[in-house]
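Chemist:
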Amino acid sequence: MDSGNFAWSITATALVLFMTPGVAFFYGGLVKAKSVVSMMMMSFGALGLVSVLWILYGFNMTLGGGTFAFSGNPFENFGFVNGADSATLVGATFGATFAIITVALISGAIADRAKFGSWLIFAGIWATFVYFPVAAWVWGDGWILNWGAETGLPGVIDYAGGTAVHINAGAAALALALVLGKRIGFAKGIQKPHNVPLTLLGASILWFGWFGFNTGAEGTFGLLGPENTGAGLIVINTLGATAAAVLGWLVVEKLKDGKATSVGAGSGAVAGLVAITPSCANLDPIWALVLGVVAGALCALAVELKFKLGFDDSLDVVGIHMVGGLIGTLYLGFFAIDTGLVFSGDFGQLASQAVAAVAVMLYSFVVAFIVGFAIEKTIGFRIKSEDELAGVDTVVHGEEGYVLAD
Numbered sequence: 023m024d025s026g027n028f029a030w031s032i033t034a035t036a037l038v039l040f041m042t043p044g045v046a047f048f049y050g051g052l053v054k055a056k057s058v059v060s061m062m063m064m065s066f067g068a069l070g071l072v073s074v075l076w077i078l079y080g081f082n083m084t085l086g087g088g089t090f091a092f093s094g095n096p097f098e099n100f101g102f103v104n105g106a107d108s109a110t111l112v113g114a115t116f117g118a119t120f121a122i123i124t125v126a127l128i129s130g131a132i133a134d135r136a137k138f139g140s141w142l143i144f145a146g147i148w149a150t151f152v153y154f155p156v157a158a159w160v161w162g163d164g165w166i167l168n169w170g171a172e173t174g175l176p177g178v179i180d181y182a183g184g185t186a187v188h189i190n191a192g193a194a195a196l197a198l199a200l201v202l203g204k205r206i207g208f209a210k211g212i213q214k215p216h217n218v219p220l221t222l223l224g225a226s227i228l229w230f231g232w233f234g235f236n237t238g239a240e241g242t243f244g245l246l247g248p249e250n251t252g253a254g255l256i257v258i259n260t261l262g263a264t265a266a267a268v269l270g271w272l273v274v275e276k277l278k279d280g281k282a283t284s285v286g287a288g289s290g291a292v293a294g295l296v297a298i299t300p301s302c303a304n305l306d307p308i309w310a311l312v313l314g315v316v317a318g319a320l321c322a323l324a325v326e327l328k329f330k331l332g333f334d335d336s337l338d339v340v341g342i343h344m345v346g347g348l349i350g351t352l353y354l355g356f357f358a359i360d361t362g363l364v365f366s367g368d369f370g371q372l373a374s375q376a377v378a379a380v381a382v383m384l385y386s387f388v389v390a391f392i393v394g395f396a397i398e399k400t401i402g403f404r405i406k407s408e409d410e411l412a413g414v415d416t417v418v419h420g421e422e423g424y425v426l427a428d
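Letter by letter, the sequence shown follows residues 23 to 428 of the working numbering.
#1: I need the boundaries of the alpha helix (DSSP H) containing Met-383, first residue and last residue.
#2: Give every residue of the same chain whose Cβ lies closer than 6 Å to the Cβ of Leu-245, excluding the five residues on either side of it in the sequence, and list them in chain order.
#3: In this structure, what does DSSP give as the bridge partners for Ala-136?
#4: Ignoring anything shorter than 4 residues, give me the alpha helix (DSSP H) runs that lie fully in the region 141-188, in order along the chain.
#5: Taking a contact to mean a Cβ-Cβ separation below 8 Å, would you say Val-325 touches Asp-338 in this structure?
#6: Put Leu-305 into one of helix, strand or coil per three-state DSSP.
#7: Nearest to Ser-407 by alpha carbon, out of Asp-334, Ala-34, Asn-99, Asp-134?
#8: With distances taken between CB atoms, is the gap from Val-103 to His-419 smaller than 8 Å?
#9: If you reduce the DSSP assignment to three classes, tell me which class Val-59 lands in.
#10: Could you give the residue range of the alpha helix (DSSP H) that holds Ala-209?
#11: Using CA atoms only, rank isn't needed, just tell me which of Leu-352, Thr-124, Asp-107 is closest to Phe-154.
#12: Out of Gly-290, Thr-185, Ala-29, Lys-204, state which residue places its alpha-carbon closest to the alpha-carbon of Trp-229.
#13: Straight-line CA distance for Phe-40 to Val-315?
#14: Check the C-beta distance from Ala-197 over to Phe-391 and give it rounded, since I have them as a contact under 8 Å.
#15: Answer yes if the region 168-177 comes into contact with the region 373-382, meaning at least three C-beta pairs across the two stretches below 8 Å, and no otherwise.
#16: What does the Cβ neighbour count give for Pro-300, buried or exposed, with the cut at 16 atoms within 10 Å?
#17: Around the C-beta of Gly-402, are 16 or more other C-beta atoms found within 10 angstroms, so that it is buried, or is it exposed?
#18: Is Gly-350 closer than 8 Å to Val-224 when the C-beta atoms are compared?
#19: What do you reckon, are the CB atoms on Ala-287 and Val-268 nearer than 8 Å?
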């Protein structure tokens with residue numbers, strides 16, 4: 023690794039790590055004023071716990087152990103006791119930031135009603151048995167990476183985590199929303215964001231950090247490809263799809279509700295970032311713009327499903343991350359450079375994308391539901407109703423987000 027790639031890989035790692043505080047701000051602004059500390063602490067708790075687990079054994083698990091292996095051996099180089107070269111350590115740290123934010127994303131589904139200790143227990147178990155193995159399947163030596171060689175179909179494309187990050191987190195979020203049940207007074211329009219500027223700050227940090235998220239591997243592994251590939255394509259697609267998604271969301275919001283909101287703009291940006299994640303390196307820019315519009319519009323509609331179907335996904339993790347991840351992953355089946363249906367006339371890429379997306383979604387949902395249900399029935403996952411009304415921050419953390427008088 024030359025000095026330029028080495029410097030960029032560290033910079034990209036810092037950018038992606040900064041995204042988790044971005045999630046904390048984005049989610050924190052969306053909840054009630056008396057839940058903001060709890061909401062942000064769930065992200066910071068994930069940052070602390072997952073980082074430690076990753077260094078101890080998570081990275082080893084993501085290396086994979088062959089096509090049919092569940093994961094790599096967690097004890098192969100436990101806590102890096104056997105040492106590793108600098109490039110490996112930087113690459114491992116970059117990978118840790120993905121694990122951290124994936125876990126943090128789930129927390130938005132259970133805002134205003136979860137115990138912090140129970141959340142950390144869930145986060146550790148889910149990271150160990152879901153994220154680490156799925157990362158091995160997608161980016162290690164696992165079955166998703168090797169799908170094309172094993173089946174004769176085009177290989178699954180998931181450049182930066184449509185399956186491993188967003189579908190994975192969204193499915194787990196749906197499971198926890200079902201386990202914990204609805205917030206008191208759950209209804210459309212009842213729970214309003216308490217701090218819109220905080221939410222927009224979080225969305226801005228996410229957009230900023232996402233250039234490291236999507237482009238980081240290009241520098242880290244020196245994959246600066248020829249024309250129409252590589253870092254340049256990823257950068258412009260990350261900008262274009264996200265911007266187009268903002269417009270797509272706002273148009274739907276205006277047509278549906280009569281007003282285009284700033285929270286909608288922030289949510290649209292996140293939806294576009296989610297959708298472009300798996301496809302950033304494999305779409306021509308014009309098709310990235312189309313993807314953004316589609317993702318922004320469809321996610322703006324998808325967030326309404328929780329009211330129609332009766333599950334309380336507090337901050338729309340399912341509607342934005344699971345739905346957006348599915349859109350971005352399946353879209354490649356149609357518009358991926360060279361292999362998509364539009365260019366090849368072959369349904370093979372679409373079939374590969376669909377198998378990977380559905381497999382990860384089902385696996386994550388089932389494991390998350392079982393783990394969440396077990397925690398709820400033993401030590402309890404949801405706080406008491408009276409504590410929810412009093413405020414999660416003071417009951418769980420003994421703090422208030424805003425002290426307006428001495």
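Glycine included, every Cβ here is placed at the ideal spot set by N, Cα and C.
From a predicted model like this one, the values you see are computed outputs, not experimental measurements.
Modeler: Considering the structure as presented:
#1: Translated into the one-based positions of the sequence shown, residue 383 becomes position 361. Note, Met-383: alpha helix (DSSP H), 370-400.
#2: Indexing the sequence shown from 1 puts residue 245 at position 223. Below a pLDDT of 50, predicted positions are generally treated as unreliable, and Leu-245, at 47, falls in that range; no measurement from the model is reported.
#3: Along the sequence shown, read from residue 1 onward, the residue named residue 136 stands at position 114. Looking at the DSSP assignment, Ala-136 forms a beta bridge with Arg-404.
#4: Entirely contained in the region 141-188, the alpha helix (DSSP H) runs reaching 4 residues are, in chain order, 154-161, 169-173.
#5: On the sequence shown, position 303 is the one that residue 325 refers to. On the sequence shown, position 316 is the one that residue 338 refers to. Yes.
#6: For this step, residue 305 is matched to residue 283 along the sequence shown. Here DSSP, grouped into helix, strand and coil, assigns Leu-305 to coil.
#7: As a position in the sequence shown, residue 407 is number 385, starting the count at 1. Among Asp-334, Ala-34, Asn-99, Asp-134, the Cα nearest to that of Ser-407 belongs to Asp-134.
#8: For the purposes of this step, residue 103 is taken as the residue at position 81 of the sequence shown. For the purposes of this step, residue 419 is taken as the residue at position 397 of the sequence shown. Not in contact: Val-103 and His-419 (Cβ atoms no closer than 8 Å).
#9: For the purposes of this step, residue 59 is taken as the residue at position 37 of the sequence shown. Looking at Val-59 - three-state DSSP - the assignment turns out to be helix.
#10: Locating residue 209 in the sequence shown gives position 187, where the first residue counts as 1. According to the DSSP assignment, Ala-209 belongs to no alpha helix (DSSP H), since it is labelled neither H nor E.
#11: As a working note, residue 154 is residue 132 in the sequence shown. For Phe-154, the closest alpha carbon among the candidates Leu-352, Thr-124, Asp-107 is that of Thr-124.
#12: As a working note, residue 229 is residue 207 in the sequence shown. Nearest option by C-alpha distance: Gly-290.
#13: Working through the sequence shown from its first residue, we reach residue 40 at position 18. Working through the sequence shown from its first residue, we reach residue 315 at position 293. Looking at the two C-alpha atoms, the distance is approximately 26 Å.
#14: By 1-based counting over the sequence shown, the position of residue 197 is 175. By 1-based counting over the sequence shown, the position of residue 391 is 369. Right, their Cβ atoms sit about 4 Å apart.
#15: As far as the Cβ criterion goes, the region 373-382 touches the region 168-177, which means the pair count is three or higher.
#16: The residue given as residue 300 occupies position 278 in the sequence shown. Pro-300 comes out buried.
#17: Locating residue 402 in the sequence shown gives position 380, counting from the first residue. Gly-402 is exposed by the Cβ-count criterion.
#18: For the purposes of this step, residue 224 is identified with residue 202 of the sequence shown, where counting begins at 1. For the purposes of this step, residue 350 is identified with residue 328 of the sequence shown, where counting begins at 1. Going by the sequence as given, residue 224 is Gly instead of Val. Contact: no.
#19: Against the sequence shown, residue 287 aligns to sequence position 265. Against the sequence shown, residue 268 aligns to sequence position 246. Their beta carbons are under 8 Å apart, which means Ala-287 touches Val-268 by this criterion.
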